[in-house]
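To start, the structure under review is shown below, and the notes come after it.
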Amino acid sequence: MTMKTAQAVEAFMPDANAETLIIQPLEAESVATQVTTLARQADHTHDYRIPVVTADPTAAWTAEGEEITTSTASLAEEIVTPRKLAGLTVVTRELAEDTSPGAQEVVGQGLVRDIARKLDAAFFGSNTKAKDVQPRGLEDVEGVTTVTGAFTNTDVFSEALSKAEAHGATITAWVTDPDTALTLAKVKKQTGSNEPLLGLDATAPTRRTILGVPMFVTPAVTKGTVWAIPRDRVYTVIHSEAQLTADESVYFTSDRIAVRATTRVGFGFPHAAAIIKVTAA
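Going by full-length UniProt numbering, the residue at position 29 of the sequence shown is 29; the numbering climbs one at a time, nothing skipped.
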């Protein structure tokens, strides 16, 4: 008898749960989810709406007993429509039957790594598909502030911090590619010194910092680019309806089981000017 989807999940992954096997590890694995505000979209909703204050209400010094001048804020919204991100892997029945519960972890970790790579590539890159298939990435956002300078000292990064502060934002993470990270790691504080310019994060010994701000590294970033991210001005929206399913019917003749993980992800950039793109001169 052909094993149905529900039966396959129960037999292969008796404790299968998309939240614990996919979503939670994804949030820890992806760089994008670590450096942005992570929002969960409720079930049965199509869009996630981020309120944007385009003009603050005004305050004024007022004498005792006088009427307080009325003012209103100007509001807009950033609408994020999460798009489907899916991963598919195939395992042999022998693996499924002989390695439980280890098979759960192996399959889950593999899917998470693949989904995390695709998520980061979309976030730090440019949309290479139709806009209703893949969300726009940082390279697509209009109005991002740009800074260019030599990666031989921290001057260009000090300028980036200042640019963000001018927009009322605080940079909480730098994100760059592995080659640029290596270039920065080789820079010394001064000529003749062996002390690296990059600092260390006391909370994560393997993580480096630039001017006290942690630096993350991912191949998803364009070579020669360092993104300065203010967490509260950038959103990663993950739909709560993640699914983890297994089925043996497609690979019946080879006696294998297909395991599929799907979720929906979108990105919101309500204050593009507060995001700083640093490039090497």
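Using N, Cα and C, we set each Cβ at its ideal position, and we do this for glycine too.
Predicted, not measured: the structure shown is a model, and the values here were computed from it.
Checking 9 Å against the spacing of the C-beta atoms, do residue i and residue j come in under that value?
i, j, result
"ASP177", "ALA32", "no"
"VAL187", "PHE151", "yes"
"THR154", "ILE210", "yes"
"ALA281", "GLY149", "yes"
"ALA185", "ARG208", "yes"
"TYR235", "ILE22", "no"
"VAL237", "VAL80", "yes"
"ILE115", "GLY87", "yes"
"GLU29", "ARG83", "no"
Bridge partners for residue i per DSSP, in chain order?
i, result
"TYR48", "VAL80"
"VAL234", "Beta-bridge pairing links VAL234 to no other residue."
"LEU75", "VAL53"
"THR209", "GLY199 and PRO214"
"GLN41", "HIS239"
Between the options, which has its C-alpha nearest residue i's C-alpha?
i, options, result
"TRP227", "PRO51, THR54 and VAL144", "VAL144"
"ALA274", "THR146, ALA246 and ALA42", "THR146"
"LEU75", "GLU142, LEU138 and ASP56", "ASP56"
"TRP174", "ILE276, TYR48 and LYS118", "ILE276"
"ASP47", "VAL278, ARG264 and HIS271", "ARG264"
"THR267", "LEU88, VAL112 and LEU38", "One point to set straight first is that residue 267 is Phe, not Thr, in the sequence displayed. Nearest C-alpha to PHE267: LEU38."
"PRO270", "LEU85, GLU78 and GLN109", "GLU78"
"VAL213", "ALA160, LEU182, VAL90 and THR70", "ALA160"
"PHE157", "THR279, THR183, GLN24 and VAL53", "THR279"
For a test of your reading of the model: does the CB of residue i fall under 8 Å from any non-hydrogen atom of the ligand NAP? Yes or no.
i, result
"VAL31", "By its list of ligands, the structure shown contains no ligand whatsoever, and the ligand NAP lies outside what it can speak to."
Counting Cβ pairs closer than 8 Å, one from the segment 218–237 and one from the segment 124–142, do we hit at least three? yes
Taking only runs of the beta strand (DSSP E) that begin and end inside the segment 101–173, which ones reach a length of at least 3 residues, in chain order? 145–149
Just checking, does the segment 56–74 make contact with the segment 257–269 on the three C-beta pairs under 8 Å criterion? no
Taking one C-beta from the segment 247–258 and one from the segment 131–145 each time, how about it: are there three or more such pairs within less than 8 Å? no
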